[in-house]
Every structure is written in structure tokens, then in C-alpha cells.
Amino acid sequence: MRPFRFLFLAALAGGLAPGAHAQAAKPRTENVVLVTLDGMRWQEVFGGADSALFRQSKYYYADRKALQKDFGQGLPEQRRQALMPFLWGTVAKQGQLYGNRTAGSLVDVTNKMRFSYPGYNEILTGAPDDARIRSNDPLDNPNASVLEILNQQPTFKGKVAVFGSWEAFPYILNEKRSGLPVNAGMRPAPGPGLSPQELVLNELLPATPSPFGEERLDAFTDQYALAYLKRKKPRVLYIGFGDTDDFAHGGEYGAYLHAARYTDDFLRQLWAYLQSDPQYRGKTTLLITTDHGRGVAGTQWQTHGADVAGADQIWFAALGPDTPATGEARSGQLYQNQVAATLAQLLGVPYAPTPATGKSIEAVLGRRAPGKKLGRRPEAPLTGHALAPSWRNDGNVTTGE
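Using mature numbering (1 follows the signal peptide of the UniProt record, and there is no 0), the letters of the sequence shown map in sequence onto residues -22 to -1, 1 to 379.
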């Protein structure tokens, strides 16, 4: 989410250059699903639940014995399997996982803000914009995302869709300019021809109070997205979940863990459907990541931002027909700004709208084995800025959301 030198129109004109890809092998991937778990720490992804934090559950899942039974048994390898069984039972065996810093695999953000809007901007555009994306305020993103640019291509026109729990996604994707269909926050599914499931969801959504204000619970987001996937068959789908971050900000470690497990189970259901449908089976890549890390010591896991150590540390996973099953990476450096180019190149489309855009992850594309220099930092160091108050109402102005 981060400085661009080129104008938006230049990005549309030059961001994707099909002719430059003529010599590369054609990928088998025809569809991509990108999923983000807001603020999900790498520590739990790779090490499982931290028993020392079980006491930091106030109202939701506050039974420490139950948490210990569900998530606190055995070594880190057993704990992470209990927390995210699909990630470790399927993705780790058939795809690639990056970000276990204990093992030597590093994934970092390149923006200096280290909270949500800047993180999503970096994921979706492939570059940080610390000069303009400095808060979570509901302002239209001046930068064109890879989703927007793909949607301008005849092959993908009208076949790109976005679903998110956070009500900020229409602004992050700048739906007024991009024309992307964005279903987020308390918005119901629009239009005629809705499935029975979508009609039921439209009835339930306004009748179900959310503890997060205008940000809906992830259960609605995943069911809306899955119903749309079955009905409209998009080529590119982005799903942004938020419960992990919201419960973490509330100091609800038990709910944070359960939200992660719930999302992991949705990923299992999603992948099962993708492998059962002729359009998607053997032709779809799943990318999974997060927008920012969190702190570590004491109650610092509850927050993040420019002044929180560890908030720049994230993780990344990939599963699909072009991605060799190398499993958990034990070395190497990746960056958040590489996700957008990786997504585009999986579809056979180069993506480099600005000099700051991160390069694709070659190992995910099956072009090289993971090594010690996988990523690339911005060529010029980025300077941080004072943070504007967070749009999300977590009472933490310093760190943002």
C-alpha cells in the first residue's frame, strides 16, 4: 500500500505488457483466488497457539482449559496443525509456505505504516505509498490495483470480483474508478438472479449485529464469496477476512485462534469446491497472506503499527498447478510487494506499472527453487510519516489498524 511515480493512466496503459511475456512458458493457471487474513501473526501460523496468552481472553472463548485442549497440546508442529489443519495438511504438502522466521524464512512488508490500508495497498498494487496511504480513513485509493488493471484486459473483463469483511475495501479498490464489483461491510449481494443462499444471507446480514460496527463477521464474507464463485465463475477472486485482527485488537486471544481455525476450514471448503468444478480443477492457484504483522511481548500481540516491533513481519502461502510442492521454506527473503506481480504472472500477464513494483516470486511460478535472495526491497529507502488516527474504532491512534 505505498510512492508511485507514474500516473494512473500510465499504469493502465503500461502496467500489463502481454508482448513481453512471449518467451516465457505459458502457465497452467487460468484462475487465481487471493485470500488475506487480516493481522494474522506468523508466530501462530508456524508455531501454533501460545499458551502464555490464553489468559488474555476476556469474554469470548475464555475457558483456558478448553483452549489448552483445542490448541495447546504437543510441540509447535502439533499446535500449528491443530490451529490450521488445511494449511498444514494440504498447502504445506502440496504447495509452498513462507515466513517461518525461526527456520530462516523471512517475509516482510515494505511500507513503513504497518497497518491495514497501507498493507492492502501494497498487496494489491505491488508497491508501497507511504506518501499518500497513511491512515485507514475511507478515502479512494489513488493507485490502480492489479485487480483493476486485469479487469481492463479483454480476457478478464467482468471476471474479477472482490469480497471483504472490512467496509474499507470499496475505497481500497476504488470501486468508483475501477468498476470492480466489491461486496464488503454490511452490503448485501446486489442484482437479480441471486441464488437461494445469497437471498438468505441478504436477510440475515442486517439482522445480525456485528461487534465490529460496519465491518461484518467473516462468516458472511466467506459464504457470499463461495455463493458468487459457484454462480458467476470469476477468473480472479479476492477475499479479505477481518475477524483475526478485530479479535486481536480486543485482546481476545481465544477468539483470535478460533477465527483463524474457522478461516482455515473455509479454505478447505473453498479448495474442495475448486477441485470439484471443471472450470477450476487443476487450473486454479490459491494465494494466502496477511496485511501486516503484530507485536510480540506482553500485550503487544494485540496491536501493530510503525512503532511496534514485529509488525512488519508477515507470511505467504501458495497452492496450485504451477507451484512446485516444496513445502515450508527454510531460508530466503520475500516481500509483500511481490504478491501482485505473482498473481498477474500466474495468469500469464507481466505486471510492472512502476519502478517500485515488486517482482514476482519465481519459486511460486515454478521457475526456480527457493533460495536466499528471492525478493527485492524498493531501490530507494522509504521514509515514514506520522500516522493519522485509525479509521477503525480500536482506540489506538498511535499504531493504526
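Every residue gets a Cβ at the ideal spot worked out from N, C-alpha and C, and that includes glycine. Note that this is a predicted model, so its numbers are computed, not measured.
- Bridge pairing for Phe294: Tyr76, Thr267 [DSSP].
- For Gln311, there is no enclosing alpha helix (DSSP H); the enclosing beta strand (DSSP E) has its first and last residue at 311 to 313.
- For Thr241, the enclosing alpha helix (DSSP H) covers residues 231 to 254.
- Between the segment 178 to 192 and the segment 98 to 105, the count of Cβ pairs shorter than 8 angstroms is below three; the stretches do not touch.
- Asp86: not part of any alpha helix (DSSP H); member of the beta strand (DSSP E) spanning 84 to 86, first to last residue.
- By the beta-carbon neighbour count (other beta carbons within 10 angstroms, threshold 16), Glu55 is exposed.
- One thing to note: Leu265 has its Cβ no nearer than 8 angstroms to the Cβ of Leu204.
- Here DSSP, grouped into helix, strand and coil, assigns Leu215 to strand.
- Collapsing the DSSP output to three states places Gly25 in a helix.
- When secondary structure is reduced to three states using DSSP, Glu306 falls in the strand class.
- Taking 4 residues as the minimum length, the alpha helix (DSSP H) runs contained wholly in the segment 51 to 136 are 54 to 61, 94 to 103, 124 to 129, in order along the chain.
- The beta carbon of Gly336 is closer than 8 angstroms to those of Thr88, Gly104, Ala105, Tyr313, Gln314, Asn315, Gln316, Val317, Ala318, Ala319, Gly353, Arg354 in its chain, skipping five residues each way along the sequence.
- Assigned with DSSP and collapsed to three states, Thr199 falls in helix.
- One Cα belongs to Ser143, the other to Pro120, and the distance between them is close to 22 angstroms.
- Short of 7 angstroms from the beta carbon of Gln323, and not among the five residues preceding or following it, lie these beta carbons of its own chain, in chain order: Tyr329, Ser338, Leu343.
- Under the DSSP assignment, Asn180 falls in the alpha helix (DSSP H) whose first and last residues are 174 to 185.
- Excluding the 5 residues flanking it on each side, Val23 has same chain C-beta neighbours closer than 6 angstroms at Trp293, in chain order.
- Phe190 sits in coil when the DSSP states are folded into three classes, being neither helix nor strand.
- If the five residues before and after Asp223 are omitted, its C-beta is found closer than 6 angstroms to the C-beta atoms of Asp16, Gly17, all from its own chain and listed in chain order.
- Of the residues assessed, Leu53 falls on the exposed side of the cut-off, its CB having fewer than 16 other CB atoms within 10 angstroms.
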